[in-house]
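Residue numbers for the sequence shown follow the numbering used here, so the first one is 7 and each next one is one higher.
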Amino acid sequence: MKRVGNWHQRGLSRMIPLFKVGMSGDASARVAETLQSGYIGQGPRVEEFESALRKELGIQNLLTVNSGTSALHLALHLLKRPASGEGFHGIWPGLQPGDEVLATPLTCTATNWPVLGNGLELRWVDVDPNNANMSLDDLKQKLSSRTKVILLVHWGGYPVDLDALGRILDEATPHLGFRPMVIEDCAHAWKSTYKNRFIGSHGNLAAFSFQAIKHLTCGDGGLLVTPNTDLFKRGKLLRWYGIDRDDPRGDFRCENDVPEWGFKFHMNDISATIGLSNLEFADRAVEQHRDNAKFYNSVLQNTPGVELLENATDRLSSYWIYTIKVSRREDFRRKLSESGIMVSQVHERNDKHSTVESYRSFLPQLDSIIDKIICIPVGWWVDEIARNHIADTIKSGW
Ligand SMILES: Cc1ncc(COP(=O)(O)O)c(C=O)c1O
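Now the structure itself:
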């Protein structure tokens, strides 16, 4: 496989890093061109990037925004209005202040804080100890008529079992009188697949992040996928104040009327140029993450003190991170650090923060893994020398 780089060439650190910015060789020249083009706001490069993303993912209703967090905030905001038809599985009652979002606590705070920002209530769902994703068994127990939204994360890029989730929601719909909407946080899951289709294309709202260290980076940026054209059209307006930039009068600065106010969430042409430059790089990067993960899946099997996460055959992770469960984690961390290998839990459980203290609940499965999970370097910069060194270090014990 032709590698896009390695840790010796592309970094100053002597440690093998856990994350690295993946930037294609021609990004600087292309950005320089955009900078001198006379247009750096939301313009032709954003259009071009969105067209490219439609082709990449095979999804029509997608909108770029300035971050994954904005995409999640907008996704929830769009659901406040009652609606019906395609994507809603019948009548959608709309979100009211105080409605409940069933969410995973094991994620970046960026997943869950938009729930609070939209005046909604969090209810934590326990985590499946086999894959670090939301536990669908616990989710099933916690569905109630107050549950309007399921907000899930594909941890490390490993897809949640979306068909099993769909069956749970189908069963619950007649009792609830509506079908809860699903928002997939796909920040880790660029080009992950579930049943041979890209994550983000399974009929839910989906949010991606193109932040600095994601597989595909724009510096900062995000993407919102909507399950129908109506939400797409509203999202397109609300990402920029509610003003129609395509108004045929041709002067969007002096808007006609704003029927629904919106945000300043749009992507600009500088970020879009970075994203366009990195599309091909990101594909090769994902391949290398997967190749390294396949190597670990094989060589770390049956290593004392190490438990690998689930790896079902109907889905393919992008392996943004590679998570294992280890015994005596602090000793493990010390040994790897002394061996020049950076490791981290990556995301802290969100339910521990005092700002969400009132939502705390008993989550025994998360409790059982939170002191064990640790991520080891798996990215495109981890070459054969590095990954052998990582595997040998782990296999030699700690
Ligand atoms: C799981 C998850 N969700 C959302 C985000 C937020 O994305 P962004 O940084 O683009 O706002 C991140 C972050 O980086 C993330 O890891």
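All residues carry an ideal CB built from backbone N, CA and C; glycine is no exception.
- Query: Which residues mark the beginning and the end of the beta strand (DSSP E) in which THR153 is found?
  - Reply: As a working note, residue 153 is residue 147 in the sequence shown. Here the beta strand (DSSP E) through THR153 covers 153–159.
- Query: Residues in its own chain within less than 8 Å of TRP246 by CB, not counting five upstream and five downstream?
  - Reply: Counting from 1 along the sequence shown, the entry for residue 246 is found at position 240. Closer than 8 Å at Cβ, skipping near neighbours: GLN48, GLY268, PHE269, LYS270, PHE271, HIS272.
- Message: For HIS181, tell me which candidate among TRP161, VAL27, ILE156, SER150 has the shortest Cα-Cα distance.
- Response: The residue given as residue 181 occupies position 175 in the sequence shown. Answer by Cα proximity: SER150.
- For LEU18, is the classification buried or exposed, using 16 other Cβ atoms within 10 angstroms of its Cβ as the cut-off for buried? Against the sequence shown, residue 18 aligns to sequence position 12. Since pLDDT at LEU18 reaches only 45, below the 50 mark, its modelled position is unreliable, and the value read off the structure follows with that caveat. That one is exposed.
- Item | N-terminal and C-terminal residue of the alpha helix (DSSP H) that ALA213 is part of | Sequence index remark: in the sequence shown, residue 213 carries index 207 (1-based). No alpha helix (DSSP H) contains ALA213, which is instead part of the beta strand (DSSP E) from 211–215.
- In angstroms, rounded to a whole number, what distance separates the CA positions of ASP134 and ASN308? The sequence position of residue 134 within the sequence shown is 128, counting from 1. The sequence position of residue 308 within the sequence shown is 302, counting from 1. Cα to Cα, ASP134 sits roughly 21 Å from ASN308.
- Item | Helix, strand or coil at SER198 according to DSSP, with G and I counted as helix | Residue 198 sits at position 192 when you count from the first residue of the sequence shown. If DSSP states are grouped into helix, strand and coil, SER198 belongs with coil.
- Return yes when the C-beta of CYS192 is under 6 Å from any heavy atom of ligand 1, and no when it is not. Working through the sequence shown from its first residue, we reach residue 192 at position 186. CYS192 Cβ: outside cutoff for every heavy atom of ligand 1.
- Those residues which DSSP pairs with PHE204 across a bridge: Position 198 of the sequence shown, counting from 1, holds the residue named residue 204. PHE204 is bridged to THR199.
- Query: Short check: CB of ILE205 to CB of PRO165, under 7 Å?
  - Reply: The residue labelled residue 205 in the question sits at position 199 within the sequence shown. The residue labelled residue 165 in the question sits at position 159 within the sequence shown. Between ILE205 and PRO165, the CB-CB gap stays under 7 Å.
- Message: Taking the straight line between their C-alpha atoms, what separation do you get for ARG16 and ASP389?
- Response: For the purposes of this step, residue 16 is taken as the residue at position 10 of the sequence shown. For the purposes of this step, residue 389 is taken as the residue at position 383 of the sequence shown. Residue placement at ARG16 is poorly supported in this model, since its pLDDT is 48, which falls under 50; the coordinates still yield a value, given next. Each residue's alpha carbon lies about 12 Å from the other.
- Straight-line CA distance for GLU293 to TRP196? Counting from 1 along the sequence shown, the entry for residue 293 is found at position 287. Counting from 1 along the sequence shown, the entry for residue 196 is found at position 190. Computed Cα separation, rounded: 11 Å.
- If you draw a straight line from the alpha carbon of LYS26 to that of GLU177, how long is it in whole angstroms? One-based indexing of the sequence shown puts residue 26 at position 20. One-based indexing of the sequence shown puts residue 177 at position 171. C-alpha separation (whole angstroms): 43 Å.
- Quick one: using the 10 Å Cβ neighbour count with 16 as the cut-off for buried, is CYS260 buried or exposed? Your numbering for residue 260 matches position 254 in the sequence shown. Exposed: under 16 other Cβ atoms inside 10 Å.
- Message: For ASN72, which residues in the same chain have their Cβ closer than 6 Å to its Cβ, ignoring the five residues on either side in sequence?
- Response: What you label residue 72 is simply residue 66 of the sequence shown in a count that begins at 1. Excluding sequence positions up to five before and after ASN72, its CB lies within less than 6 Å of the CB of PHE271, MET273, all in the same chain and listed in chain order.
- Query: Buried or exposed: which applies to ASP226, given that a residue is buried once 16 or more other Cβ atoms fall within 10 Å of its Cβ?
  - Reply: Position 220 of the sequence shown, counted from the start, is the residue given in the question as residue 226. That one is buried.
- Item | Residues bridged to SER90 [DSSP beta-bridge criterion] | Within the sequence shown, numbered from 1, the residue matching residue 90 stands at position 84. Paired residue(s): ILE97.
- Query: Going by the CB atoms, is the gap between LEU128 and ALA170 shorter than 7 Å?
  - Reply: Taking the first residue of the sequence shown as position 1, residue 170 is located at position 164. Taking the first residue of the sequence shown as position 1, residue 128 is located at position 122. Not a contact, by the Cβ cut-off of 7 Å.
- Curious, which full-length beta strand (DSSP E) runs of at least 3 residues does the segment 96–141 contain? 96–98, 106–109, 127–130
- Segment limits, beta strand (DSSP E) that includes LYS242: Position 236 of the sequence shown, counting from 1, holds the residue named residue 242. Note, LYS242: premise wrong, no beta strand (DSSP E); alpha helix (DSSP H) at 235–244.
- Task: Compute every distance between the C-beta of GLY228 and the non-hydrogen atoms of ligand 1, then say whether any falls below 6 Å.
- Result: Here residue 228 is taken as the residue at index 222 of the sequence shown, counted from 1. Yes; taking the cut-off as 6 Å, the Cβ of GLY228 has a heavy atom of ligand 1 nearer than that.
- Secondary structure at GLY256, three-state DSSP: helix, strand or coil? For the purposes of this step, residue 256 is taken as residue 250 along the sequence shown, with counting starting at 1. GLY256 falls in the coil class under three-state DSSP.
- Message: So, for ALA58: in the same chain, excluding its five sequence neighbours on each side, which residues have a beta-carbon less than 7 Å away from its beta-carbon?
- Response: Taking the sequence shown and counting its residues from 1, the one referred to as residue 58 is at position 52. Here the set comprises LEU282, LEU285.
- Message: According to DSSP, simplified to helix, strand and coil, what is ASP191?
- Response: Reading the sequence shown from its first residue, position 185 is the one you call residue 191. The answer is strand: DSSP assigns ASP191 an E or B state.
- Pick out whichever of GLY385, LEU41, GLY183, GLU316 has its Cα sitting closest to the Cα of LYS220. Taking the first residue of the sequence shown as position 1, residue 220 is located at position 214. The residue with the shortest Cα to Cα distance from LYS220 is GLY385.
- Pull up the DSSP beta-bridge partners for ILE400, would you. As a working mapping, residue 400 is identified with position 394 in the sequence shown. Answer by DSSP bridge pairing: none, since ILE400 is not bridged.
- Message: Please identify the residue among GLY228, LEU126, GLU106 whose C-alpha is closest to the C-alpha of ALA218.
- Response: Translated into positions along the sequence shown, residue 218 becomes position 212. Closest by alpha carbon: GLY228.
- Item | Exposure of GLU344, with buried meaning 16 or more beta-carbon neighbours within 10 Å | On the sequence shown, residue 344 is found 338 positions in, with the first residue counted as 1. Flag for GLU344 reads exposed.
- Query: Would you call the CB atoms of LEU211 and ALA392 closer than 7 Å?
  - Reply: Here the question's residue 211 lines up with position 205 in the sequence shown. Here the question's residue 392 lines up with position 386 in the sequence shown. Contact flag unset, no.
- Task: Please indicate yes or no: does the CB of ALA116 lie closer than 6 Å to some heavy atom of ligand 3?
- Result: No copy of ligand 3 occurs in the structure displayed; its ligands are ligand 1 alone.
- Query: Count the other CB atoms within 10 Å of the CB of THR319; is the residue buried (16 or more) or exposed (fewer)?
  - Reply: Position 313 of the sequence shown, counting from 1, holds the residue named residue 319. Its Cβ having fewer than 16 others within 10 Å, THR319 is exposed.
- Give the straight-line distance between the Cα atoms of PRO120 and SER402, rounded to the nearest whole angstrom. The residue you call residue 120 lines up with position 114 of the sequence shown. The residue you call residue 402 lines up with position 396 of the sequence shown. Cα-Cα distance, rounded: 43 Å.
- Item | Residues near LYS242 in its chain [Cβ-Cβ closer than 7 Å; skip 5 each side] | Within the sequence shown, residue 242 is the residue found at index 236, counting from 1. For LYS242, where only same-chain residues beyond five positions count, the Cβ hits under 7 Å are LEU69.
- Message: Taking the alpha helix (DSSP H) that THR319 belongs to, which residues open and close that run?
- Response: In the sequence shown, the residue the question calls residue 319 occupies position 313. Note, THR319: premise wrong, no alpha helix (DSSP H); not H, not E.
- Item | Residue span of the alpha helix (DSSP H) that contains LYS341, given as start and end | Start at 1 with the first residue of the sequence shown, and residue 341 comes out as number 335. Taken as a continuous stretch (DSSP letters only), the alpha helix (DSSP H) holding LYS341 covers 335–344.
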